[in-house]
Amino acid sequence: MKKILLDMDTGVDDALAIALTAAAEKAGDAQLIGITTCFGNVENTTAVRNSLSILSALGRTDVPVFPGSDRALAAKEKYIAGEECFLIHGHDGIGDAGFPLSEKAPETTDSVDFILQAAEKYGAELTLVPTGPLTNVARAIQRDKKTFEKIGRIVLMGGALAVKGNVSPYAEANISNDPEAAKIVLESGIPMTMIGLDVTHKTRIYSEETARWKTYGVTGTLFAEMTDYYIAFNNHEGCSLHDPLAAAEAIWPGTVGTLPFTVKVETESVARGRTYAVSYPDEGDSDHVQVGLTVSKTAVPLFKALLEEMLLSLG
Ligand code: BDR
Ligand code: CA
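Residue 316 is where the sequence shown ends in my numbering, and the numbering goes up by one at each step.
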């Protein structure tokens, strides 16, 4: 059974990735072994709180949540979420839909420790799915690259190769929130799959779909209202399923079609946070980053149906 570890800055689409992974587990396709948190869409403490709330709404209080990085590698001060984050994800980070607080407490083990412990314990069976800034992942590589490399597969949401960024013309949000961490991870030589804006913008969900969730009961309504907040930010023209697509590729490899590149991260200039592919790699570089470029037409309706089936069963 494939073990999934989600590493996230739990906002709206991260929450949908948790729900999708839980639905896949119900179908017998994967096992969610934990969530490690990071600042990003929200402050790290809010990411912890939201992860616990979402798991509780899904009846999955058995899944442990490990608190992680509260700031970027190079930042001196703790990250504070700003107005732009509230506009996209709501003041509580999960669409102000009214998810009740969980009674469960987070774990006392730190995210970076847990990532390395899981790498040691599960090895090739483990897929790590970072869907926030790559700070925890970079710190795990810095602390113990040899153990980190035991992880079977890394499928991350972040970057934009051949399309514009979403926080600047150059940079995608997860990379932009910690370019130094992204550089460590994407230029590490470790094989990984990058699910960036090139492909996540091709997978969308619309309010006609969330309207159906509202007819299923309390949980369906909470998830629908949370997603509608995100859709409203996108002028009601649906929203991209960034993080769920990374989770889907981790659970069902082949959901996304990829090509291998040598990916670098810009940390200077106006293009800070840009991910780019080099045409003439230096000696020692390898095309170790599989970049998502296409989405399987059949996989997306299937994973949406699975998610919907779970929301229906939760009522
Ligand atoms: C990514 O940035 C965050 O706001 C989302 O949760 C997603 O992980 C999209 O650029
Ligand atoms: Ca995210």
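C-beta atoms are modelled at their ideal positions from N, C-alpha and C, and glycine is treated no differently. Keep in mind it's a predicted model, so treat the numbers as computed, not measured.
Leaving out the 5 sequence neighbours to the left and right, which residues in its chain are closer than 8 Å to Tyr230 when beta-carbon positions are compared? Within the same chain, Tyr230 has close Cβ partners Val13, His90, Gly91, Gly96, Asp97 and Ala98.
Please state whether DSSP places Asp97 in a helix, a strand or coil. The three-state secondary structure of Asp97, taken from DSSP, is coil.
Determine the DSSP secondary structure at Leu102, reduced to helix, strand or coil. Of the three classes helix, strand and coil, the one that applies to Leu102 here is coil, per DSSP.
Please return the same chain residues whose Cβ sits closer than 7 Å to the Cβ of Ala161, not counting the five positions on each side in sequence. Apart from sequence neighbours up to five positions away, the residues of its chain that approach Ala161 with a beta-carbon distance below 7 Å are Glu173, Gly197, Leu198, Asp199 and Thr276, ordered along the chain.
When you compare only the Cα positions, how much space is there between Lys265 and Glu238? Approximately 32 Å, taken between the alpha carbons.
Met311 - containing alpha helix (DSSP H), residue span: Here the alpha helix (DSSP H) through Met311 covers Ala300 to Leu315.
Specify whether the segment 244-263 and the segment 287-304 touch according to this definition: at least 3 beta carbon pairs, one from each stretch, less than 8 Å apart. At 8 Å Cβ cutoff, the stretches touch.
Nearest to Thr11 by CA position, among Ser189, Phe304, Pro245 and Leu308, is which residue? Selected option, being the one with the closest Cα: Pro245.
Does Thr263 come out as helix, strand or coil in the three-state DSSP assignment? Residue state, collapsed to three classes: coil.
Can you tell me whether Asn137 sits near ligand 2, meaning its C-beta is under 7 Å from at least one heavy atom of the ligand? Outside the cutoff, so no.
Could you give the first and the last residue of the continuous alpha helix (DSSP H) run that contains Ala249? Residues His243 to Ile252.
Please tell me whether Leu129 and Ile142 are closer than 8 Å, where the distance is taken between their beta carbons. Contact: no.
Neighbourhood of Met227 by C-beta distance below 6 Å, restricted to the same chain and skipping five residues each side: Cβ neighbours of Met227 beyond the five flanking positions: Val13, Ile95, Gly96 and Ala98.
Touching or not, the segment 145-160 and the segment 43-56, by the rule of three or more beta carbon pairs under 8 Å? Touching, no.
According to DSSP, residues forming a beta bridge with Arg154: Looking at the DSSP output, Arg154 bridges to Thr128.
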